[in-house]
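S.K.: Sequence order for the protein chains is A and B. Using my numbering, you'd call the opening residue of the first sequence number 9 and step up by one each time. Using my numbering, you'd call the opening residue of the second sequence number -4 and step up by one each time. Don't be surprised by glycine CBs; every beta carbon is placed ideally from N, CA and C. Pasting a structure below so you can have a look.
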Amino acid sequence: MNFDSIPYLLFLGVSVVVYWLIPEKWRKQFLMLCSVLFVAYHHWWFSLLLIAVSLLTFEAGMRISPGQRASRWWYVGSVAILILLLAGFKWSVQWAGADTDFDQISWVLPLGISYYTFQAVSYLTERSWNTLPAEQSRTRFLLYMSFFPKITAGPIERAGDFLPQTQTLQAFNIQNIYSASLQILWGLFKKMVIADRLAPWIEHVFTAPGEVPGSLLTLSILLQAIQVYANFSGYTDIALGSARLFGFELTDNFNRPFLAQNISDFWRRWHITLSKWVLDYIYTPLSFRAARFGKTGIYLSLFLSFIVIGIWHGIEMRYLYFGLMHGTLLVLEMNTRKWRMWLETSLGRAWSVAGLVFTFLFFSMTTLWFFTFSLEEFGNVLMQCMRWDQNTSISGSLSNEDYLTLFFAGTFIPIDHGLFKGSFHRWVQSSNRLTAGIAIICLLICILLFSGVEDIPFIYERF
Amino acid sequence: MSDREEILQQINVIFRKGLNKPELEMNEATSADHVPEWDSLNHALLMVRVQGHFQVKFSIAELVQLKTIGDLCDLVEAKMKRS
């Protein structure tokens, strides 16, 4: 049930109406039931697995009490089971040869397993650090693990942020419903108009890179980065908006990532809940232990952290290299901070713009690597990009529909990052009624008339 | 000068040396957001120096909860009282 499909919007609408009509004491149970049904809709045993993982985590969390010897075993044992389970399913995708076929992945890889496993590990680690009390209610904990707006592709929510919201449920607030609906609308626009229009373009160009001009191929590498952002942040807006319809606040995964001026800044703005998870539970403990070996220890911790980010997407070399490329640039940035700061002071705005362009180009290149299946394929695309001597120009290769796609993609980032500051609903709510009304009508018209024609899945659902 | 002020002053010295920033002046409310050089690379190295200087040992759980220099002073003070 894709977030941009009619069945999902109907499911969401009915759930929201029933949720606010039933007595408050039943609301948590109702949401939990909706969540389990949502997962079961994809495959019944996905629900059973989710319930089993949640109960294991809940029971382990109750038994982890810092300072006790048995507690350590509960922590190590439960985390090991969770990680082995996740790794087993990730391997099964490879083993079944389903890594290239989205439909096959959705049968082999349980829905949301990467996301809820990381949530479970986060909860257990916080318990072992004694920074979080043990949750006493199975219903609340199951709701934390399974809440359907975030099950498909995150955000990876912290128990400390979500569980308190299940204790005191928010009262009905029409302003909140309006604001959440706007967020969903903007998410639908990003996914259906930007990402879904770009998807067939990208697929066409990268299926036969030798048959398109180098200039078009180069442009497509940049557009692919925009497509991934529109797809994933579109999903996230729909997820956050859906949660807010029930009065729950989830953590945003994006903060205008293409304004980042270096790669460490980028990772503070892109897939924030994953990078924060890796920072808190992998990098920080590792680096504190490794710091006794000086900077070498820190660099190794950083590389290991980025390897985790890479293989979290799947156990494949391309994901591992993706992590290593980002890790390498981060180490370079750490070592050149002094002269980068000097350049920033000397060159001012020009340096900031150069940093912004470089970061975007680097991300675009690593995204290309992320979606290609071999070094040979990656090299082939890059070689084809150099073929600027062809007599075919971009303009000769594009149809009117392509120009429209280019218009939407080209104006999207300045509007999203610049005008809306990454948040359409906040912008509308701070605008006057006329401007807000025009903006909403324009969005609706764009979604109705200019959406991509193919049914494209959400990219991060496959991880 | 109280023990607390003494700890803060010594932490300032460690950070100045570790970050190679002699003019750095931090107070209890200072966090990594206020000092650009205090990034995740330097953070671990600085904490190791603080541990060594005060002859105390921090756990990972204690370290991940540190947000400000005031939190660090609290932690050092508590550890020194215990030892």
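May I have a chain-ordered list of the alpha helix (DSSP H) segments no shorter than 4 residues that lie completely inside the region 257 to 312 of chain A?
M.R.: 271 to 275, 280 to 286 and 292 to 298
S.K.: Could you spell out the range, first to last residue, of the alpha helix (DSSP H) harbouring A:P465?
M.R.: Segment: none, A:P465 is in no alpha helix (DSSP H) and carries neither H nor E.
S.K.: Can you name, in chain order, every residue of its own chain whose Cβ lies under 7 Å from the Cβ of A:N138, other than the five neighbours on each side?
M.R.: P74
S.K.: Report the CB separation of A:G242 from A:C393 in whole angstroms; it is logged as a contact under 8 Å.
M.R.: Going by Cβ atoms, the distance from A:G242 to A:C393 rounds to 28 Å, so no, they are not a contact pair.
S.K.: Which residue comes first and which comes last in the alpha helix (DSSP H) that contains B:G13?
M.R.: D(-2) to G13
S.K.: Is A:T139 helix, strand or coil by DSSP?
M.R.: coil
S.K.: Could you have a look at A:S145 and say whether DSSP puts it in helix, strand or coil?
M.R.: Coil, per DSSP.
S.K.: Report the residues of the region 121 to 146 of chain A with a CB closer than 7 Å to any CB of chain B, ordered along the chain.
M.R.: So the close ones are W137, N138 and T139.
S.K.: When DSSP labels each residue in this structure, what does B:S26 get in the three-state scheme?
M.R.: In the structure shown, B:S26 sits in a strand (DSSP, three-state: E or B).
S.K.: When the cut-off is 8 Å and only beta carbons count, does A:R277 lie next to chain B?
M.R.: no
S.K.: How long is the line joining the alpha carbons of B:I55 and A:R441, rounded to whole angstroms?
M.R.: Using only the alpha carbons, I get a separation of about 51 Å.
S.K.: Output yes or no for whether 8 Å exceeds the beta carbon distance between B:T63 and B:A24.
M.R.: Closer than 8 Å, so yes.
S.K.: For the region 296 to 315 of chain A, which residues have a CB atom closer than 7 Å to at least one CB atom of chain B, in sequence order?
M.R.: Sequence-ordered contacts of the region 296 to 315 of chain A with chain B read F296, A299, R300 and I306 [C-beta pairs closer than 7 Å].
S.K.: Below 7 Å on C-beta distance, what does A:P293 contact in chain B?
M.R.: Residues of chain B with a Cβ closer than 7 Å to the Cβ of A:P293 are, in chain order, I55.
S.K.: On a Cα-Cα basis, can you pick out the residue from A:A161, A:L150, A:A88 and A:L294 that is closest to A:F314?
M.R.: A:L294
S.K.: How is the alpha helix (DSSP H) around A:I210 delimited, first residue to last?
M.R.: D204 to T215
S.K.: With 7 Å as the C-beta to C-beta threshold (strictly closer), list the residues of the region 8 to 30 of chain B near chain A in chain order.
M.R.: none
S.K.: Just grab the DSSP bridge partners of B:T63 for me.
M.R.: B:S26
S.K.: In or out: A:R326 buried (at least 16 other Cβ within 10 Å) or exposed?
M.R.: By the neighbour-count definition (other C-beta atoms within 10 Å, threshold 16), A:R326 is a buried residue.
S.K.: For chain B, find out if any of its Cβ atoms is closer than 8 Å to the Cβ of A:L287; answer yes or no.
M.R.: Yes, its Cβ sits closer than 8 Å to a Cβ of chain B.
S.K.: Whole alpha helix (DSSP H) runs in the region 318 to 350 of chain A with 4 or more residues, listed along the chain?
M.R.: 325 to 343
S.K.: Excluding the 5 residues flanking A:R264 on each side, which residues of the same chain have their C-beta closer than 8 Å to its C-beta?
M.R.: Counting only Cβ-Cβ distances below 8 Å, and skipping sequence neighbours, we find R277, D424, H425, K429 and G430.
S.K.: Determine the extent of the alpha helix (DSSP H) in which A:F170 is found, giving its start and end residues.
M.R.: For A:F170, the enclosing alpha helix (DSSP H) stretches over residues A167 to Q175.
S.K.: Whole angstroms is fine: what's the gap from B:W33's alpha carbon to A:A188's?
M.R.: One Cα belongs to B:W33, the other to A:A188, and the distance between them is close to 37 Å.
S.K.: Answer with buried or exposed for A:C42, where buried requires no fewer than 16 other C-beta atoms within 10 angstroms of its C-beta.
M.R.: buried
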